[in-house]
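Single-structure report; data block below.
Residue numbers (the numbering used here): 159 to 1044.
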């Protein structure tokens, strides 16, 4: 990474403080005349100014990072684990604000769970293979490995500047041989289990370039697939046992589809002779498989267009626009019966199917086709007097009901390994072949005698060869590496050729969460006891755009690893937290849609106008350089500071919603004010304890004691609410609002309470501790000032360690001893008019409380004949305020 001299000049203070951590270009210059810092000098500044904030962040940044590393090394194995995982990034070389959002969330959760006494794993790595690096290498004439490693170094430095506490000792990089060796190992396990196979398929199934939209010539190539359809039903059923995932469970279920049918395997024959071709055909009614009359394929099927040995026979029989009976028969490996192969007149079957079993007994269309082609078939269904259908002419399954036969036939087909796995008509197997260089080599060699043979495990990894250049044209670039391609067959030792396709990068990311649990293991992908200790991931955080395919593949691989005995559970993720986008304001010329920079627009009028002339459309879109609406995280942190950016991201919207980034909004102003108010609370307490009186709670009068009780109640309520938000719904914006409410309560306290109240002290301590996971630098300095207050009343302030080493505050037991009823103050137009007793269980329900008040003597006296405009039930105190017409 090239760092400008200007940037390096910003932090001479930290140049020598590297100690294993990359230093931060976002830390700020401290001038010789800068204000003092309490942690450094013991002098407390009265106000939290920009200059103070910069020094606070500069001081605490390396200390927080160092403490996290120290705690990771010294973790007790007896602690309960917590695994928080954010989706690892592609190393593009620059962080964007979306990265800042997801990693701020994971870092906040990590600090919170550590304060709760958990052993926390918050790892980071790099999804480092893929087409962007290959394209960049082609454009610049570089090695994609050098390009990728340079970008990783740059992004690591940027992540460090944000004060993010990752377990960097567990870093994984998918393009390094020590990682993709085990990706290849897992592929071989899939291959040995019969789940990795080859067939001809279209290279570009969409027909258009994903980047430019240009029409692409489609080619049939023999490519590698993973038979994920075998796991469709278990993956669908397992969703029921998972907590709700912001609508993602429904997306997963929709992707899989209703698993009401299965595939059966058939061997193709021409003139009674086997061709060696195996064809899998979908049956929507597997229990009726003995009644099959034919097998149907689409006119677009690969058998008619690829290199199949039956291609010529199919093309000879094909008659466009009508069902075509061929001379090819299909031998059902389950029933042992043969049926003719038919080329359908249809352009599509249901969903994505291209091969189906035709059973006239249960489908009118199948019956019509069979009759038109004069085919014979066995009738397999018989209807009883009660309407129940049973099987006939189905060997040992005859006499079973359809439901019984469905289960028995599919189970036996699975046992015989000839199909039977329940899946949907819309789900396809996973095409993992890529005709690219920069990816994990598929560990297979092709032998003329033995066919495809897996590379022995002891010869892994199959490393990528160095190529003098990558053109990006024609077949896989690996074809050019002749010395690498030509090899010996591991089985017969004869001449063979390596597979030149590389794997889809989704394969790399389908198991990285496992590797984090044991990242340096040189003998296996991971030790089972370590994976079983850490997994499932407690909270998985990432964008909703990855909530279908990546999540489906990751879940599939975990199910497979469970069946292989590699892990003890099926589902890899317990909770999923999807985060929305951070959008920036965009300006487009009306009509042309050209994106404009702010400096190209005149904002003086009510409506913005382009300087070049023309009306401007203002919208909010995903941040992008091309749209001129992006923000460099470095610039944002330089301007506002790390803690302010973190608080804004957490406060501006719930995680799953988009943030419309606007520095003029109340959210940014609100978190800036709140930080100053927190600082003022510590300043006021320190000042009150300097007044000379020795603190004595017995000096408090009745009114002051009532105020102290109110503070105590608000403290406990805040602890209860914030803890729930951090553990259940992850509404960090609501948590901050609750802490702001507690800040308001403490800010209104009298000087005598500050002098003599232990309740104020403990509430302020709890407030600072609950702020710490979200704004760690500010909270660390506040805690330092709080713990050195004169004459502390609470033992909490005498605990050793910085704020992030403290135990998360808990609700006082007596607060949980909730009475059956609560006394509620009734106000009318903000004036008190009496008290009403209501049951605790309805005390938070505005409509029920309003009804009970109206029925009470107070309500009958003051509200009976008045028009109520609105009733406001306080969320913090036992109070309801009726706004009425005077």
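The beta-carbon is built from N, C-alpha and C at its ideal position, and this holds for glycine as well.
1) Just tell me which of 672, 719, 523, 892 has its CA closest to the CA of residue 811.
2) Taking Cβ to Cβ, would you say residue 699 is nearer than 8 Å to residue 805?
3) Between the stretch 784-799 and the stretch 317-325, can you find at least three pairs of beta-carbon atoms closer than 8 Å?
4) Does the Cβ-Cβ distance between residue 907 and residue 954 come in under 8 Å?
5) Since I believe residue 716 is in contact with residue 729 (beta carbons under 8 Å), could you give me their beta-carbon distance rounded to a whole number of angstroms?
6) Starting from residue 809, trace the beta strand (DSSP E) both ways and give me its first and last residue.
7) What residues in its chain sit with their C-beta under 6 Å from that of residue 958, if we drop five residues either side in the sequence?
8) Along the chain, where does the beta strand (DSSP E) containing residue 961 start, and where does it finish?
9) Check whether the Cβ atoms of residue 610 and residue 620 sit closer than 8 Å, and answer yes or no.
10) Considering only the alpha carbon of each residue, which of 928, 944, 943 lies closest to residue 965?
11) Who are residue 832's beta bridge partners in DSSP?
12) Does the Cβ of residue 1041 have 16 or more other Cβ atoms within 10 Å, making it buried, or fewer, making it exposed?
13) Given a cut-off of 8 Å on the beta-carbon distance, is the pair residue 485 and residue 428 in contact?
14) Starting from residue 423, follow its DSSP beta bridges and name the residues at the other end.
15) Report yes or no: do the stretch 226-233 and the stretch 243-252 share at least 3 C-beta pairs separated by less than 8 Å?
16) Is residue 873 near residue 919, with beta carbons less than 8 Å apart?
17) If you check the beta carbons only, do residue 598 and residue 901 fall under 8 Å apart?
18) Comparing alpha-carbon positions, which option in 912, 922, 833 lies nearest residue 877?
19) Should residue 822 be flagged as near chain D, meaning a C-beta pair shorter than 8 Å?
20) Pick from 654, 334, 403, 225: whose alpha carbon is nearest that of residue 680?
21) What residue from 504, 271, 236, 624 has the CA that sits closest to residue 131's CA?
22) Leaving out five residues on either side along the sequence, give the residues of the same chain with a beta carbon under 7 Å from the beta carbon of residue 1034.
23) Tell me which same chain residues have a C-beta within less than 8 Å of the C-beta of residue 690, skipping the five on either side of it?
24) Starting from residue 610, trace the beta strand (DSSP E) in both directions and tell me its first and last residue.
25) Excluding the 5 residues flanking residue 368 on each side, which residues of the same chain have their C-beta closer than 8 Å to its C-beta?
26) If you follow the alpha helix (DSSP H) that residue 219 is in, where does it begin and where does it stop?
27) Could you please give me the residues that DSSP links to residue 661 through a beta bridge?
28) Beta-carbon separation of residue 595 and residue 635 under 8 Å?
29) Buried or exposed: residue 577, going by 16 or more other Cβ atoms within 10 Å of its Cβ?
30) Compute the distance between the beta-carbons of residue 385 and residue 353, then report whether it is under 8 Å.
31) Ordered along the chain, which non-local residues of its own chain (more than five positions away) have a Cβ less than 8 Å from that of residue 978?
32) Would the stretch 829-836 and the stretch 750-766 be scored as touching if the rule is three or more Cβ pairs under 8 Å?
33) In three-state terms, what does DSSP make of residue 404?
34) Spatial neighbours of residue 582 within its chain, please: C-beta separation below 8 Å, excluding the five flanking residues on both sides.
35) Take every Cβ of the stretch 398-408, pair it with every Cβ of the stretch 547-561, and state whether three or more of those distances are shorter than 8 Å.
36) Count the CB pairs spanning the stretch 814-834 and the stretch 270-287 that are closer than 8 Å, and state whether there are at least three.
This is what the structure holds:
1) Sequence index remark: in the chain shown, residue 811 carries index 653 (1-based). That would be 892, whose Cα lies nearest to the Cα of residue 811.
2) Here residue 699 refers to the residue found at position 541 when the chain shown is read from its first residue. Here residue 805 refers to the residue found at position 647 when the chain shown is read from its first residue. Going by C-beta atoms, residue 699 is not nearer than 8 Å to residue 805.
3) yes
4) Counting from 1 along the chain shown, the entry for residue 907 is found at position 749. Counting from 1 along the chain shown, the entry for residue 954 is found at position 796. Cβ distance not < 8 Å, so residue 907 and residue 954 don't count as in contact.
5) Start at 1 with the first residue of the chain shown, and residue 729 comes out as number 571. Start at 1 with the first residue of the chain shown, and residue 716 comes out as number 558. Residue 729 to residue 716, Cβ: 6 Å. Contact.
6) The residue given as residue 809 occupies position 651 in the chain shown. Here residue 809 belongs to no beta strand (DSSP E); instead the alpha helix (DSSP H) covers 800-809.
7) As a position in the chain shown, residue 958 is number 800, starting the count at 1. Excluding residues within five positions, none has a Cβ falling inside 6 Å.
8) Mapped onto the chain shown, residue 961 falls at position 803. Premise fails: residue 961 is in no beta strand (DSSP E) and is neither H nor E.
9) Position 452 of the chain shown, counted from the first residue, corresponds to residue 610. Position 462 of the chain shown, counted from the first residue, corresponds to residue 620. The answer is no: Cβ separation not under 8 Å.
10) What you label residue 965 is simply residue 807 of the chain shown in a count that begins at 1. Out of 928, 944, 943, 928 has the C-alpha closest to the C-alpha of residue 965.
11) To locate residue 832, count along the chain shown from 1; it is residue 674. Answer by DSSP bridge pairing: none, since residue 832 is not bridged.
12) To locate residue 1041, count along the chain shown from 1; it is residue 883. It is exposed - the Cβ of residue 1041 has fewer than 16 other Cβ atoms within 10 Å.
13) Position 327 of the chain shown, counting from 1, holds the residue named residue 485. Position 270 of the chain shown, counting from 1, holds the residue named residue 428. It is a contact, given that the beta carbons lie within the stated cut-off.
14) Position 265 of the chain shown holds residue 423. According to DSSP, residue 423 bridges with 438.
15) no
16) The count along the chain shown starts at 1 and reaches residue 873 at position 715. The count along the chain shown starts at 1 and reaches residue 919 at position 761. Result no, Cβ atoms of residue 873 and residue 919 do not sit closer than 8 Å.
17) In the chain shown, residue 598 corresponds to position 440, counting from 1. In the chain shown, residue 901 corresponds to position 743, counting from 1. Cβ atoms of residue 598 and residue 901: not closer than 8 Å.
18) Residue 877 sits at position 719 when you count from the first residue of the chain shown. Closest by alpha carbon: 922.
19) Given the protein chain composition of this structure (a single chain), no chain D is represented.
20) Along the chain shown, read from residue 1 onward, the residue named residue 680 stands at position 522. The candidate whose alpha carbon is nearest that of residue 680 is 334.
21) Because the chain here runs from 159 to 1044, residue 131 falls outside it and cannot be looked at.
22) Locating residue 1034 in the chain shown gives position 876, where the first residue counts as 1. Once the five neighbours on either side are set aside, the close Cβ partners of residue 1034 are 872, 875, 899.
23) On the chain shown, position 532 is the one that residue 690 refers to. So the list reads 725, 726, 727, once near-sequence residues are dropped.
24) Reading the chain shown from its first residue, position 452 is the one you call residue 610. Its beta strand (DSSP E) spans residues 609-612.
25) For the purposes of this step, residue 368 is taken as the residue at position 210 of the chain shown. Residue confidence is low: residue 368 scores 31 on pLDDT, short of 50, so the model does not pin down where it sits. No coordinate-derived value is stated.
26) Within the chain shown, the letter at position 61 stands for residue 219. Residue 219 -> alpha helix (DSSP H) spans 208-231.
27) Along the chain shown, one-based indexing puts residue 661 at 503. Looking at the DSSP assignment, residue 661 forms a beta bridge with 591.
28) Walking along the chain shown from the start, residue 595 turns up at place 437. Walking along the chain shown from the start, residue 635 turns up at place 477. Yes, the pair counts as a contact, with Cβ atoms nearer than the cut-off.
29) Here residue 577 refers to the residue found at position 419 when the chain shown is read from its first residue. Residue 577 should be labelled buried.
30) Locating residue 385 in the chain shown gives position 227, counting from the first residue. Locating residue 353 in the chain shown gives position 195, counting from the first residue. Contact flag set, yes.
31) For the purposes of this step, residue 978 is identified with residue 820 of the chain shown, where counting begins at 1. Same-chain partners within the cutoff: 997, 998.
32) no
33) The residue given as residue 404 occupies position 246 in the chain shown. Coil.
34) Here residue 582 refers to the residue found at position 424 of the chain shown. Answer for residue 582: 390, 414, 415, 416, 417, 418, 419, 509, listed in chain order.
35) no
36) no
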